[in-house]
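Numbers 5 to 389, taken from my numbering, label the letters of the sequence shown in order. Note that beta-carbon positions come from the ideal geometry of N, C-alpha and C, so glycine has one too. To start, the structure itself, in structure tokens.
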Amino acid sequence: RQSRCKLLVLNRMPREEVLAQEDERGRCFEPETSEDEWQKSRTRSLRRKAMTASTRLAYSLRKRNTRVANSDFASIFIEDVRDANEEKAVNSFRQVLLTRDLLPDSHDDYHEMLRFLKARKFDIDKKVQMWADMLHWRKEYGVDSILQCYYPHGYHGVDKEGQPVYIERLGKVEPSKLMSVTTVDRFLKYHVQGFEKMFKEKFPACSIAAKRHIDKTTTILDVHGVNWVSFSKVAHDLVMRMQKIDGDNYPETLNQMFIVNAGSGFKLLWNTAKGNKFQSRLLQIIDTSQLPDFLGGSCSCPNDGGCLRSDKGPWNDPDILKLLHSREAMKLTKFGSSSVADGVDVKSYASKVKSTGISEPLSASEVRLNPSAFVQSVPSSEKVS
């Protein structure tokens with residue numbers, strides 16, 4: 005009967021729970037068992053329980069450490085000390101803004117709201133008014149789209165090698181209007197900021213997505229409607245300074261460049277221009293889903309105000325961003341790093357794209373002014389929707 009009792013228990017419980025049950029129910033032992041034997045057995049049982057608990061704890065810790073090391077999104081500590089009263093005030097402020105429909109997603113940020121609170125010494129009425137005025141000013145002044153209006157450009161997706169695609173519509177640039185809302189020095193800082201984001205966000209994110217080291221871009225210059233005569237001295241100076249910054253501080257960042265919609269006048273400057281149809285050529289390098297429709301692709305980003313305003317790419321993928329900001333992802337920026345997570349291997353990688361006539365990779369701004377740096381120019385004979 006005793007053996008049967010134990011068998012049933014063993015089928016349902018782990019060993020340490022069986023021992024505990026035996027200890028708690030003295031009747032599982034034979035009636036003839038002496039008190040000394042019962043005490044000894046109880047001591048042995050308790051010792052086994054202690055050893056089992058210790059083993060379980062050690063195993064749990066080992067498993068936890070392994071889980072963190074192998075996690076796709078290993079944790080990283082970022083200090084963000086918040087005052088309890090300030091946090092309460094920000095939460096209240098946030099609720100008021102939500103109620104009044106004054107909190108766009110792009111401004112739903114704790115520290116931004118705290119700055120406005122401090123600026124108005126936490127006065128609820130004044131801070132809400134200041135916030136509303138700020139949103140109105142941004143809309144009226146076109147802050148979020150002002151550069152795109154006068155200087156259409158941006159990153160949009162990746163090519164088939166996983167490299168970010170950068171596009172400029174030079175024919176739509178309005179130098180005089182651009183300089184009316186900024187200065188050359190400010191624009192250069194904006195230009196530098198773009199490069200810094202490319203190295204800190206776009207290249208690492210593309211490396212994660214492509215599972216290899218990415219540090220170059222594919223650039224497309226759409227020159228439809230370009231009139232070099234209309235470029236003022238200020239605009240010329242701006243491009244020259246951009247060229248120097250790029251060449252001196254961000255060398256070897258251009259994998260290849262395509263100059264599309266080149267008219268006959270443009271081909272006089274770029275005498276190596278070829279008559280290839282650029283749509284088919286671009287689609288050999290870039291998937292149609294990654295190429296804007298105005299260049300022959302299938303993407304239009306209607307919910308983002310157009311492709312050049314969407315900033316579409318792996319650098320906006322939530323899962324990649326988590327990995328990018330983790331300790332393990334930091335290894336991706338190092339030469340020859342490997343085994344980050346889920347077998348993602350990032351290795352130093354030379355461009356596999358066939359050379360198109362540039363002896364040395366250049367920056368985009370160098371090609372703008374240097375005809376000899378031409379990669380591939382296509383006339384505007386082929387119409388693009």
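- Judged by DSSP in its simplified three-state form, I212 adopts helix.
- Here P306 is exposed: its Cβ has fewer than 16 other Cβ atoms, across all protein chains shown, within 10 Å.
- For V132, the secondary structure class from DSSP, reduced to helix, strand or coil, is helix.
- E144 counts as exposed, since fewer than 16 other C-beta atoms from the protein chains shown sit within 10 angstroms of its C-beta.
- When DSSP reads this structure, V238 sits in no beta bridge, so it has no partner.
- Within the same chain, and ignoring the five residues on either side of I218 in sequence, the residues whose Cβ sits closer than 7 Å to its Cβ are G166, Q167, F207, C210 and S211.
- Taking 8 Å as the upper bound for CB-CB distance, L121 and A93 are in contact here, some 6 Å apart.
- Rounded to whole angstroms, the gap between the alpha carbons of A136 and L106 is 7 Å.
- Within the model, the alpha-carbon separation for L242 versus G229 is close to 20 Å.
- Separation of the CB atoms of T103 and Y170 is rounded to 41 Å, and the pair is thereby denied contact status at 8 Å.
- With a 10 Å radius around the Cβ and a threshold of 16 neighbouring Cβ atoms, C153 comes out exposed.
- When the beta-carbon positions are compared, H195 and M246 come within less than 7 Å of each other.
- As for any beta strand (DSSP E) of minimum length 3 sitting wholly inside the stretch 157-208, the runs are 157-162 and 168-173, ordered along the chain.
- Taking each of E90, H111, N320 and K248 in turn and checking the Cα distance to I128, the smallest one comes out for E90.
- DSSP places L258 in the uninterrupted beta strand (DSSP E) bounded by L258 to A266.
- Residue pairing by DSSP places T223 opposite Y170 and M261 in a beta bridge.
- In this chain, the alpha helix (DSSP H) harbouring H115 covers Y114 to A123.
- In chain order, H157 and L225 place their CB closer than 6 Å to the CB of E172, counting only its own chain and leaving out the 5 sequence neighbours on each side.
- From the listed residues V238, K204 and M261, the smallest Cα separation to H329 is found for K204.
- The residue from H111, K215 and S96 with its alpha-carbon nearest to that of I324 is K215.
- Non-local beta-carbon contacts of A213 in its own chain, meaning distances under 8 Å to residues more than five positions away in sequence, involve V162, G166, P318, D321 and I324 in chain order.
- In chain order, S314 place their CB closer than 6 Å to the CB of D308, counting only its own chain and leaving out the 5 sequence neighbours on each side.
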